[in-house]
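J.: Protein sequence lines, in the order shown, are assigned to chains D and C.
Number 129 in the numbering used here belongs to position 52 of the first sequence; there are no gaps in the numbering.
Number 42 in the numbering used here belongs to position 41 of the second sequence; there are no gaps in the numbering.
Glycine included, C-beta positions come from ideal geometry on N, C-alpha and C.
The structure that follows is given in the form of structure tokens.
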Amino acid sequence: MSKSVVILFGTESGNAEFAAEDMAAEVLDRPVEVIDMSDFDVASFSNKNLYLIICSTHGEGDLPSGALPLHQSLESINPDLAGIQYAMFGLGDSSYENYSKGSEHIDHKLSALGATRVGEYGRHDADTGTLPSARAVEWAKAILEAY
Amino acid sequence: MAQDLTPSVAIIGGGPSGCYLAQFLRKEFNESRITIFDCLPVPYGLVRFGVAPDHVGTKAVAAQFDRLFEREGVEFIGSTEIGRDKPLDEVMNEYDIVVLATGLGGDRKLGIPGEKLRGIYGAGRITRLINSHPFESLDELKVGSTLAIIGHGNVAIDLIRLSLLTPQELTLHGVSKDVALLVASNNLRQIHVVGRSGIESAKFDPAMIRELEKIPDVRFISDSKITNYENVEAKKRIEAINSLVSSSPANATRTVHFHFGWQPLEICGTSKVEEIRFKSHSDEILQLPGDTIYSAIGFEQAENAAIKIENLITKESDLEHGFIFDRLYCVGWLRRGPQGTIPVNRADAKKISERIVQDFKNKKLEKARER
């Protein structure tokens, strides 16, 4: 049986949340939930779920403010995430240095805690003048076909 | 006024704060009539007319707001300035909840002698012009060979960058040709960028400085002698400026000179700007020649604003939570002053939407008890 989908977003301007909701609308064959990283409890990570994580970049390759609480609690609680599967989609703007680095902070943390990243590492470049939604939906479809 | 689960809401001002507020309120009030009024025929305010045209990633947030009108059933009424074309009282009678999101449309004045000389332009006016704002015109605007930008915020850095791009680059980003030829004039040789604070507390984001490194044929100079600082943010700013200076060519035909810690004293000239004088904390004087000045020291309520918030405030007002009086609220820059980027105003809109929803629920409870 395929896993339930939990879409976690970390946002600053709302673009990642927007894309998260659009991705959720495309998941028809299994339960799906969209959660703001700021409201997510790291103790609730479960291997019954597949986590689709979408996170923007702020300032000089930093995390967006919406992702800081999650990053901090991963750091302080250090949960054992062995067996947890997640896929990662990063937002950024290639006209700045440190393009799309924000999501990588979360990615490194999750990997270090034992979680396994699956599928392609998705990216969207805001310098194209488009919202990430369309690109993120494509990516999510490909991930969900495989996992 | 019919208001059960579906209070009608009017938002005055279709800039980022107003649009974000509509997004958050729509989540709570699914069936409500929500209307955004704007004095211009098109929505999005500063996203359209303030954000630099080459920052397409920042402007893309407009596509989020498009959906309000395309799918979320939010209504847009443009070319209607509340307080001028339609009285605020009338809006208060037609809607259950009214929120002012008109921002701060005026350039903050320098407040020094000589400010009325020709050749001095507010940053807001220049960015509106660059973004083809319908109420802005070239008029007497002239950019000479020596430009002084007063202020060290991100708007000042935008103006440096836009001045140094080629007119062709600007037109590719949608800037009209006559504005591009003027703002990015080939005659411009020197730009002085002067801020009151030291580099450690300057307002710009380091990422904005890093972006300048890509522009060819510019020598960057800084008068800051501070090379290290404990505060992490200050350190990033210092490193960004140092790197910009050290990576720039010595023999470029254009120069950008950063001056830190200088407060403007007076602007001198007979009919137009000729020289600007500044003072340091230790009373040293800096005299800069210049024929053009952009003042980029922040924004304030425009003198001709149709609704003045100070005339509406009562003893009951709680601006910290956006409450002006019963059923009237405010959000964004108008509420808390001209600080913070677009995402900061998103957070502000979220906070104010929570207060609005809470007030509405409390009222409903009261009514239920009365019955």
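1. Between the alpha carbons of Thr193 (chain D) and Ser354 (chain C), how many angstroms are there, rounded?
2. Can you find a CB in chain D that lies within less than 8 Å of the CB of Glu116 (chain C)?
3. Using CA coordinates, which residue listed in C:Arg34, C:Ile310 and C:Tyr295 is at the minimum distance from Gln302 (chain C)?
4. Which residues in chain C sit within 7 Å of Tyr198 (chain D), going by Cβ to Cβ distance?
5. Within the 8 Å Cβ cut-off, does Gly179 (chain D) reach chain C?
6. Taking 7 Å as the line, does the beta carbon of Glu212 (chain C) fall inside it for any heavy atom of the ligand GTP?
7. From the DSSP secondary-structure annotation, give me the bridge partner or partners of Ala157 (chain C).
8. Quick one, are the C-beta atoms of Arg49 (chain C) and Asn132 (chain C) less than 8 Å apart?
9. For Gln288 (chain C), does the three-state DSSP call read helix, strand or coil?
10. Is there a C-beta anywhere in chain C that falls below 8 Å from the one on Asp204 (chain D)?
11. Could you say which of C:Leu287, C:Val62, C:Ile227 and C:Asn243 lies nearest to Leu266 (chain C) if we only look at CA atoms?
12. Using DSSP bridges, identify the partner residues of His56 (chain C).
13. Met165 (chain D) bridges to which residues according to DSSP?
14. How would you list, in chain order, the residues of chain C whose beta-carbon sits under 7 Å from the beta-carbon of Ser90 (chain D)?
15. Closest by CA to Arg356 (chain C), which one among C:Pro8, C:Gly323, C:Leu335 and C:Ala369?
16. Consult DSSP for Ser115 (chain D) and reduce its assignment to one of helix, strand or coil.
17. Which residues in the same chain as Ala3 (chain C) place their Cβ atom closer than 6 Å to its Cβ, once the five residues preceding and following it in sequence are excluded?
18. So, Ala61 (chain C) versus Ser296 (chain C), is the Cβ gap smaller than 8 Å?
19. Among all the DSSP beta bridges, which residues are the ones paired with Cys269 (chain C)?
20. Leu147 (chain D) touches chain C at which residues, Cβ-Cβ below 7 Å?
21. Excluding sequence positions up to five away, which residues of its chain have a Cβ less than 7 Å from the Cβ of Val82 (chain C)?
22. Could you check whether the Cβ of Arg211 (chain C) sits closer than 8 Å to any Cβ belonging to chain D?
23. Less than 8 Å between the beta carbons of Val257 (chain C) and Ile192 (chain C), yes or no?
24. In angstroms, rounded to a whole number, what distance separates the CA positions of Val57 (chain C) and Ser153 (chain D)?
25. Is there a C-beta anywhere in chain D that falls below 8 Å from the one on Val57 (chain C)?
T.: Checking against the coordinates, here is how it stands:
1. Here the question's residue 193 (chain D) lines up with position 116 in the first sequence. Here the question's residue 354 (chain C) lines up with position 353 in the second sequence. Whole-angstrom Cα-Cα distance: 38 Å.
2. Taking the second sequence and counting its residues from 1, one reaches residue 116 (chain C) at position 115. Chain D contact via Cβ: absent.
3. The residue labelled residue 302 (chain C) in the question sits at position 301 within the second sequence. When each option's Cα is compared against that of Gln302 (chain C), the closest is C:Ile310.
4. By one-based count along the first sequence, residue 198 (chain D) stands at place 121. In chain order: nothing, as chain C lies at least about 20 Å away.
5. For the purposes of this step, residue 179 (chain D) is identified with residue 102 of the first sequence, where counting begins at 1. Not one chain C Cβ lies under 8 Å of Gly179 (chain D).
6. Ligands are entirely absent from the displayed structure, and the ligand GTP is therefore not among its contents.
7. The sequence position of residue 157 (chain C) within the second sequence is 156, counting from 1. Paired residues: none, contrary to the question.
8. Within the second sequence, numbered from 1, the residue matching residue 49 (chain C) stands at position 48. Within the second sequence, numbered from 1, the residue matching residue 132 (chain C) stands at position 131. Cβ atoms of Arg49 (chain C) and Asn132 (chain C): closer than 8 Å.
9. Locating residue 288 (chain C) in the second sequence gives position 287, where the first residue counts as 1. Three-state result, Gln288 (chain C): strand.
10. Residue 204 (chain D) sits at position 127 when you count from the first residue of the first sequence. By this cut-off, Asp204 (chain D) is an interface position.
11. Taking the second sequence and counting its residues from 1, the one referred to as residue 266 (chain C) is at position 265. Looking at the Cα atoms, C:Leu287 is the closest of the given residues.
12. Taking the second sequence and counting its residues from 1, one reaches residue 56 (chain C) at position 55. The partner list for His56 (chain C) (beta bridge, DSSP) is empty, contrary to what the question assumes.
13. To locate residue 165 (chain D), count along the first sequence from 1; it is residue 88. For Met165 (chain D), which the question treats as bridged, DSSP gives the partners D:Ile130.
14. As a working note, residue 90 (chain D) is residue 13 in the first sequence. What Ser90 (chain D) touches in chain C: Val62, Ile343, Pro344 and Arg347.
15. Taking the first residue of the second sequence as position 1, residue 356 (chain C) is located at position 355. Ranking C:Pro8, C:Gly323, C:Leu335 and C:Ala369 by Cα distance to Arg356 (chain C) puts C:Gly323 first.
16. For this step, residue 115 (chain D) is matched to residue 38 along the first sequence. Residue state, collapsed to three classes: helix.
17. Start at 1 with the first residue of the second sequence, and residue 3 (chain C) comes out as number 2. Its pLDDT being 44, under 50, Ala3 (chain C) is placed unreliably by the model, and nothing is read from it.
18. Looking up residue 61 (chain C) in the second sequence gives position 60. Looking up residue 296 (chain C) in the second sequence gives position 295. Cβ atoms of Ala61 (chain C) and Ser296 (chain C): not closer than 8 Å.
19. Position 268 of the second sequence, counting from 1, holds the residue named residue 269 (chain C). In DSSP, Cys269 (chain C) forms a bridge with C:Glu276.
20. Residue numbering aside, residue 147 (chain D) sits at position 70 when the first sequence is read from its first letter. Under the 7 Å cutoff, chain C gives no residues; its nearest Cβ is about 17 Å from Leu147 (chain D).
21. On the second sequence, position 81 is the one that residue 82 (chain C) refers to. Checking the displayed sequence, the identity of residue 82 (chain C) turns out to be Glu instead of Val. Cys40 and Ala307.
22. Sequence index remark: in the second sequence, residue 211 (chain C) carries index 210 (1-based). Judged by the 8 Å Cβ criterion, Arg211 (chain C) is in contact with chain D.
23. Taking the first residue of the second sequence as position 1, residue 257 (chain C) is located at position 256. Taking the first residue of the second sequence as position 1, residue 192 (chain C) is located at position 191. Yes, the pair counts as a contact, with Cβ atoms nearer than the cut-off.
24. Along the second sequence, one-based indexing puts residue 57 (chain C) at 56. Along the first sequence, one-based indexing puts residue 153 (chain D) at 76. About 37 Å.
25. Residue 57 (chain C) sits at position 56 when you count from the first residue of the second sequence. By this cut-off, Val57 (chain C) is an interface position.
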